[in-house]
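Protein chains in written order, with the numbering used here: chain A, 190 to 527; chain B, 5 to 256.
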């Protein structure tokens with residue numbers, strides 16, 4: 190073996206650029222981590238969850254409005270107000286987690302398309318603006334601005350459909366970018382799932398939004414004709430979410446252990462898949478197939494399950510990322526893939 | 005462009021580089037930890053440790069040199085990558101490439117979002133708990149501006165750490181590898197030169213005598229930002245699909 194190594198070393202190529210040539214399994218350095226994981230706490234889980242909800246709720250309101258659906262007035266109102274409350278709350282948690290919260294506006298110094306955090310900061314800001322305008326318009330229409338008649342007139346006169354279309358697109362961006370944020374790092378489990386994370390967080394944003402809106406409408410005084418379309422949309426979204434999570438098993442392979450094993454695995458299987466997806470889906474299917482109308486308590490209950498599932502989904506991904514980052518073998522496995 | 009050439013075959017594990025770096029940059033001590041990992045009680049690079057000497061003891065193959073054990077020592081540092089994951093991740097523009105070609109964190113701009121931390125394929129940069137800011141090796145930007153070499157290179161007694169113009173350093177390093185090969189040390193090679201990875205060449209490169217993972221270095225580092233476009237395209241496809249399905253659910 191020394192002879193072949195000697196003859197190889199006679200060529201200048203072997204003095205450098207060795208990145209592709211290491212056979213066999215990589216070693217580790219006393220099992221110590223090679224990369225560093227994100228030090229994000231519970232505030233980031235909430236920020237992900239609320240951002241998805243905001244984008245999803247606004248998107249639903251816009252669709253209902255643009256499709257000119259009958260009896261959709263309550264849905265549009267609920268969607269606009271809910272998305273506005275969530276998009277106000279979400280960045281509060283993001284800013285809370287910063288090392289220097291008072292410098293949060295520095296995120297808006299530049300726009301860097303290679304930084305998902307930069308894309309996200311701008312998306313939240315722009316979406317917040319569109320969402321705010323739509324909400325102000327809604328408030329004017331609902332008569333909440335009686336004390337400011339000129340402002341109310343101005344807001345009522347806004348070309349709301351022109352605002353809603355880009356607003357909805359930014360809303361979907363806000364709901365999905367948090368997944369791409371995780372995927373564009375060196376953390377093996379996050380990076381490996383780069384095709385799934387964005388779509389998964391988007392789908393979860395939509396399903397939690399649909400569940401919230403369905404819950405809000407069910408709690409109203411009158412029976413809502415939009416309840417059924419909402420439930421249909423929710424079933425499709427929940428099924429899509431299940432499909433995306435299932436795709437993770439072959440995609441992640443051995444890198445998926447932090448997500449599927451141990452305490453995190455139980456939270457994923459029980460909290461997300463079982464409680465947050467399968468249970469609501471089967472409940473809705475049962476009522477649909479037996480052609481009975483869903484009682485209010487069941488609607489509220491399944492909606493809460495979906496919401497909790499969405500929250501736990503964000504949490505388990507952050508936890509799994511922590512474990513994956515601390516595993517040097519995972520880093521080496523990920524680097525040798527594709 | 006200036007950088008480091010760290011020749012591990014000359015390293016004696018004295019840790020003068022660690023001490024000089026801490027002293028020059030006024031970095032605090034990290035506590036007193038007996039780790040039992042050979043002489044490595046520093047463990048990793050962090051926001052307050054910008055040079056870290058690794059120690060690996062392992063048995064040599066039986067090659068009639070009479071030596072049973074290889075004791076590898078490497079002074080680890082920020083790699084100041086050609087394509088730096090931390091710099092591309094930074095949303096405030098705090099992390100820049102300075103006039104010397106090195107990756108520098110501007111502490112007056114950083115808002116401590118911490119996104120650079122998981123974006124480094126080498127696990128270098130970290131966020132400081134007390135200041136809330138991200139910090140790493142500056143390649144002694146302040147010393148370079150005054151025309152003097154970084155503290156670690158100055159303190160290194162064997163010139164294992166060499167600082168200078170990158171082209172000159174690479175030339176010198178390749179000659180050194182050639183010399184080592186002639187002497188029979190055919191395991192010597194350069195890590196971070198003529199690389200075809202997405203990270204590119206490293207402005208702080210190394211001469212190693214074993215595979216990179218032994219020194220806790222990635223063997224094929226990937227630039228995390230390569231996942232940005234695929235991630236967003238997948239999200240766009242999902243958004244289109246879900247828009248259609250929602251429209252159909254609402255209308256039917």
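Note that beta-carbon positions come from the ideal geometry of N, C-alpha and C, so glycine has one too.
Residue i (DSSP reduced to helix, strand or coil)
i	result
residue 202 of chain A	Low local confidence applies: a pLDDT of 46 at residue 202 of chain A is under 50, so the model's placement there is unreliable, and no value is given.
residue 74 of chain B	strand
residue 515 of chain A	coil
residue 181 of chain B	helix
residue 109 of chain B	strand
residue 211 of chain B	strand
residue 11 of chain B	strand
residue 303 of chain A	coil
residue 167 of chain B	strand
residue 337 of chain A	coil
residue 241 of chain B	helix
residue 224 of chain A	coil
residue 6 of chain B	strand
residue 474 of chain A	helix
residue 119 of chain B	coil
residue 197 of chain A	Model confidence at residue 197 of chain A stands at a pLDDT of 38, short of 50, so the residue's coordinates are unreliable; what they give is reported in the following sentence. If DSSP states are grouped into helix, strand and coil, residue 197 of chain A belongs with the helices.
residue 332 of chain A	coil
residue 249 of chain A	helix
Supposed contact pair residue j and residue i - C-beta distance, whole angstroms, cut 8 Å
i	j	result
residue 388 of chain A	residue 457 of chain A	That pair is no contact at about 17 Å.
residue 164 of chain B	residue 10 of chain B	6 Å
residue 83 of chain B	residue 128 of chain B	7 Å
residue 4 of chain B	residue 120 of chain B	The question about residue 4 of chain B has no answer here: the residues shown for chain B are numbered 5 through 256.
residue 444 of chain A	residue 366 of chain A	The pair is not a contact, with the Cβ atoms about 23 Å apart (cut-off 8 Å).
residue 499 of chain A	residue 397 of chain A	4 Å
Closer than 8 Å to chain A by CB, residue i
i	result
residue 84 of chain B	no
residue 37 of chain B	no
residue 2 of chain B	Outside the shown range of chain B, which is 5 to 256, sits residue 2 of chain B, and nothing can be said about it.
residue 22 of chain B	no
residue 236 of chain B	yes
residue 117 of chain B	yes
residue 148 of chain B	no
residue 64 of chain B	no
residue 124 of chain B	yes
residue 94 of chain B	yes
residue 199 of chain B	yes
residue 167 of chain B	no
residue 219 of chain B	yes
residue 121 of chain B	yes
residue 9 of chain B	no
residue 255 of chain B	yes
residue 29 of chain B	no
residue 250 of chain B	yes
Those residues which DSSP pairs with residue i across a bridge
i	result
residue 84 of chain B	Paired residue(s): none; residue 84 of chain B is not in a bridge.
residue 60 of chain B	B/76
residue 55 of chain B	B/81
residue 130 of chain B	B/139
residue 101 of chain B	B/107
residue 193 of chain B	B/212
residue 399 of chain A	Its beta-bridge partners do not exist; DSSP assigns none.
residue 206 of chain B	B/85
Min CB distance residue i to chain B below 8 Å
i	result
residue 458 of chain A	no
residue 405 of chain A	no
residue 515 of chain A	no
residue 355 of chain A	no
residue 411 of chain A	no
residue 324 of chain A	no
residue 508 of chain A	no
residue 391 of chain A	yes
residue 293 of chain A	yes
residue 377 of chain A	no
residue 481 of chain A	no
residue 228 of chain A	yes
Contacts that residue i makes with chain D (C-beta to C-beta distance below 8 Å)
i	result
residue 521 of chain A	Of the protein chains in the structure, A and B, none is chain D.
Original post:
Should the region 411-426 of chain A be called in touch with the region 242-250 of chain B, which here means at least 3 C-beta pairs below 8 Å?
Top reply: yes
Original post:
Contact between the region 279-292 of chain A and the region 234-254 of chain A: three or more CB pairs below 8 Å?
Top reply: yes
**OP:** Flag this pair as touching only if the region 288-299 of chain A and the region 93-106 of chain B have three or more C-beta atom pairs under 8 Å; answer yes or no.
**Re:** yes
Subject >> Touching by the beta-carbon criterion (3+ pairs, under 8 Å), the region 368-386 of chain A and the region 218-231 of chain A >> reply: yes
**OP:** Flag this pair as touching only if the region 361-372 of chain A and the region 303-315 of chain A have three or more C-beta atom pairs under 8 Å; answer yes or no.
**Re:** yes
**OP:** Spell out a yes or no on whether the region 390-404 of chain A and the region 489-505 of chain A are touching, meaning 3 or more CB-CB pairs, one atom from each, closer than 8 Å.
**Re:** yes
**OP:** Please determine if the region 198-215 of chain B and the region 66-83 of chain B are in contact, where contact requires at least 3 C-beta pairs separated by less than 8 Å.
**Re:** yes
Original post:
Do the region 146-164 of chain B and the region 13-28 of chain B touch if we need at least three Cβ pairs shorter than 8 Å?
Top reply: yes
Subject >> the region 313-331 of chain A contacting the region 350-358 of chain A, beta-carbon criterion three pairs below 8 Å >> reply: yes
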